[in-house]
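Under my numbering, residues 957 to 1329 are what the sequence shown spells out, in order.
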Amino acid sequence: MTIDVLVIGAGMIGAACADALAAEGLAVTVIEREAIGSGATAAGMGHLVVMDDNPAELALTAYSVALWRQLVALDPKLHEYSCCGTLWIAADDEELAVAREKQRTLSEHGIACELLDAASLYAHEPQLRPGLRGGLRVGADAVVYPPKSAALLLARAQSRGAKLRSGQVSAVIEGGVLLADGSAIHAGKVLVANGSASLQLLPELPVRPKKGHIVITDRYPGTINHQLVELGYIKSAHAADGDSVAFNLQPRPTGQLLIGSSRQFDVTDKTVEPAILARMLAHAASFVPALTNLHVLRCWTGLRAASSDGLPLIGPHPSRPNVWLATGHEGLGITTSLATAQLLSAQIAGRQTEIPITPYLPARFEQLGKQYG
Ligand SMILES: Cc1cc2nc3c(=O)[nH]c(=O)nc-3n(C[C@H](O)[C@H](O)[C@H](O)COP(=O)(O)OP(=O)(O)OC[C@H]3O[C@@H](n4cnc5c(N)ncnc54)[C@H](O)[C@@H]3O)c2cc1C
957 MTIDVLVIGA
967 GMIGAACADA
977 LAAEGLAVTV
987 IEREAIGSGA
997 TAAGMGHLVV
1007 MDDNPAELAL
1017 TAYSVALWRQ
1027 LVALDPKLHE
1037 YSCCGTLWIA
1047 ADDEELAVAR
1057 EKQRTLSEHG
1067 IACELLDAAS
1077 LYAHEPQLRP
1087 GLRGGLRVGA
1097 DAVVYPPKSA
1107 ALLLARAQSR
1117 GAKLRSGQVS
1127 AVIEGGVLLA
1137 DGSAIHAGKV
1147 LVANGSASLQ
1157 LLPELPVRPK
1167 KGHIVITDRY
1177 PGTINHQLVE
1187 LGYIKSAHAA
1197 DGDSVAFNLQ
1207 PRPTGQLLIG
1217 SSRQFDVTDK
1227 TVEPAILARM
1237 LAHAASFVPA
1247 LTNLHVLRCW
1257 TGLRAASSDG
1267 LPLIGPHPSR
1277 PNVWLATGHE
1287 GLGITTSLAT
1297 AQLLSAQIAG
1307 RQTEIPITPY
1317 LPARFEQLGK
1327 QYG
């Protein structure tokens, strides 16, 4: 059987791309070495959030969060989706100014949001510690359970004719891939969508692993109502190097709370590290003191694929013929998966993309222009 596109990886990105490519009528095969959605997709928080660090990030996240709404509207009960909104917390005047600026930017782009003074912040979230300055509420942000959504998208791709194969790709070669068992799969195009492991197949990629810790509690329904994120998060999450923690708290539809998160560059050992975990939990409890009384069920880590400019790589590899990329989504790959799939499939089908594609093209990285393979 001829394969038009072989997708490496059945995480959120590979599953969404397979679905969109199959919808184009292409013969798609997905190859996955472990379980569907078991990589960063299972480790992440699943916060669907419009981010505005730069215009390209805003365009991609806003487009994708809207696509999530459309997807869920097809069958509201199918995806474990909850539109809880994001509440950005301003601890001081400086952060309140950031909240104001964020409100201006988001409003200009048609994203509804409301600036909160301290009284309305506490009315929305009574468990927050006293003394905070206010916040920004973005009501249309949401959360999903990512491995379930990845499995659903892959199932839809399969209903559109896509095939799923189990196996580990050991190398990308001209016209296909080699597997760890020594066999080869030939395909018209190969889409590298295997998250932080994409670096193992294409060492020239400007992508670094960034480890993160997450904790989940027992069920405490009603403790918090929104995904809570500190505005200081913007400073710490984008620290160029070094370990950092930031307050990020999510109410799961089950009543459980997801507590995040940490960021460590170039750490690939997925062992839970008590020191960083303790730092992360202490920081979270400094925002919501009641967390110290809650029962923790489990903690784990995952590896984000961080590109050197913070934007994903979506499009053809500039110097490896017929190799395509959908990687480098860092801490936003669940949010941006559906937009990634649309931008990728439109390029492969030769159609105009819904938003300008240039900021996400792999060709923006000069180092990828050299000849490989
Ligand atoms: C702690 C943490 C919190 C996060 N929180 C959020 C959040 O709130 N919101 C958000 O939008 N994003 C979040 N993210 C980011 C998001 O989880 C990732 O960007 C996204 O899951 C990436 O999906 P992926 O499909 O590219 O990679 P992965 O999910 O890692 O999938 C890659 C797949 O490829 C397979 N694979 C790898 N190598 C091979 C090979 N050689 N052969 C065959 N198969 C292979 C793996 O088994 C895996 O299933 C978070 C990430 C972490 C770690």
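Glycine included, every Cβ here is placed at the ideal spot set by N, Cα and C.
Predicted model, so just to flag it, every value in this text is computed and none were measured.
In the three-state DSSP reduction, Thr-1210 falls in the coil class, being neither helix nor strand. In the three-state reduction of the DSSP assignment, Phe-1321 falls in the coil class, being assigned neither a helical nor a strand state. Cβ contact annotation for Ala-1113 (same chain, cutoff 6 angstroms, sequence separation greater than five): Ala-974, Asp-975, Ala-978, in chain order. Under the three-state reduction of DSSP, Glu-1036 is assigned to coil, being neither helix nor strand.
Following the DSSP letters along the chain, one finds Ile-1232 inside the alpha helix (DSSP H) bounded by residues 1230-1243. Ranking Gly-1287, Thr-958, Ile-1290 by CA distance to the CA of Gly-1117 puts Thr-958 first.
Following the DSSP letters along the chain, one finds Val-1028 inside the alpha helix (DSSP H) bounded by residues 1011-1030. Cα atoms of Val-1099 and Leu-1134: separation of roughly 37 angstroms, rounded to the nearest angstrom. Counting the other Cβ atoms within 10 Å of the Cβ of Asp-1174 gives fewer than 16, which makes it exposed.
Ser-1301 places its beta carbon 8 angstroms or farther from that of Ile-969. In its chain, beyond the 5 residues on either side, Arg-1260 have a beta carbon closer than 6 angstroms to the beta carbon of Gly-1287. Taking C-beta separations shorter than 6 angstroms and ignoring five residues to either side along the sequence, the partners of Asn-1204 in its chain run Val-1185, Gly-1216, Ser-1217, following chain order. Taking 8 angstroms as the upper bound for CB-CB distance, Leu-1062 and Cys-1069 are in contact here, some 5 angstroms apart. By the Cβ criterion, the region 1313-1327 is in contact with the region 1260-1278, since at least three pairs of Cβ atoms, one from each stretch, lie closer than 8 angstroms. Beta-bridge annotation (DSSP): Asp-1073 is paired with Gly-1090. Under the DSSP assignment, Gln-1298 falls in the alpha helix (DSSP H) whose first and last residues are 1289-1305. Judged by beta-carbon spacing, Ser-1275 lies beyond the 8 angstroms limit of Pro-1162, meaning their Cβ atoms are not closer than that value. Unbroken alpha helix (DSSP H) runs of no fewer than 4 residues, entirely contained in the region 979-1007, are found at 996-999, following chain order. In the same chain as Arg-1056, and ignoring 5 residues on each side of it, no C-beta atom comes closer than 6 angstroms to its own. The three-state reading of DSSP puts Ser-1115 in helix, counting H, G and I together. The beta carbon of Gly-1325 sits closer than 8 angstroms to those of Pro-1274, Ser-1275, Ala-1319, all from its chain and outside the five residues before and after it, given in chain order. For Val-1125, the CB falls within less than 7 angstroms of some heavy atom of ligand 1. Buried is the label assigned to Gly-1000, since at least 16 other Cβ atoms lie within 10 Å of its Cβ.
If the five residues before and after Val-1006 are omitted, its C-beta is found closer than 6 angstroms to the C-beta atoms of Thr-1017, Ala-1018, Val-1021, Ile-1067, all from its own chain and listed in chain order. The region 984-994 makes no contact with the region 1242-1261, as fewer than three CB pairs between them are under 8 angstroms. In this structure Ala-971 is not in contact with Leu-1072, their Cβ atoms being roughly 36 angstroms apart against a cut-off of 8 angstroms.
Boundaries of the alpha helix (DSSP H) harbouring Arg-1060: 1049-1064, taken from the DSSP string. With fewer than 16 neighbouring CB atoms inside 10 Å of its own CB, Leu-1030 falls in the exposed class. Here Gly-1138 is exposed, its C-beta having fewer than 16 other C-beta atoms within 10 Å. With a cut-off of 7 angstroms, the C-beta of Ser-1263 is classified as distant from ligand 1, since no heavy atom of the ligand falls inside that distance. About 5 angstroms separates the Cβ atoms of Gln-1083 and Val-1244, confirming a contact at the 8 angstroms cut-off.
Ala-1046 places its beta carbon less than 8 angstroms from that of Leu-1187. Between Leu-1214 and Ile-1172, the CB-CB gap stays under 8 angstroms. Ile-1141 has its alpha-carbon roughly 11 angstroms from the corresponding atom of Val-986. A Cβ-Cβ distance of about 5 angstroms is found for the pair His-1182 and Cys-1040, placing them in contact under the 8 angstroms criterion. If you check the CB distance, Val-1148 and Leu-1281 come in under 8 angstroms.
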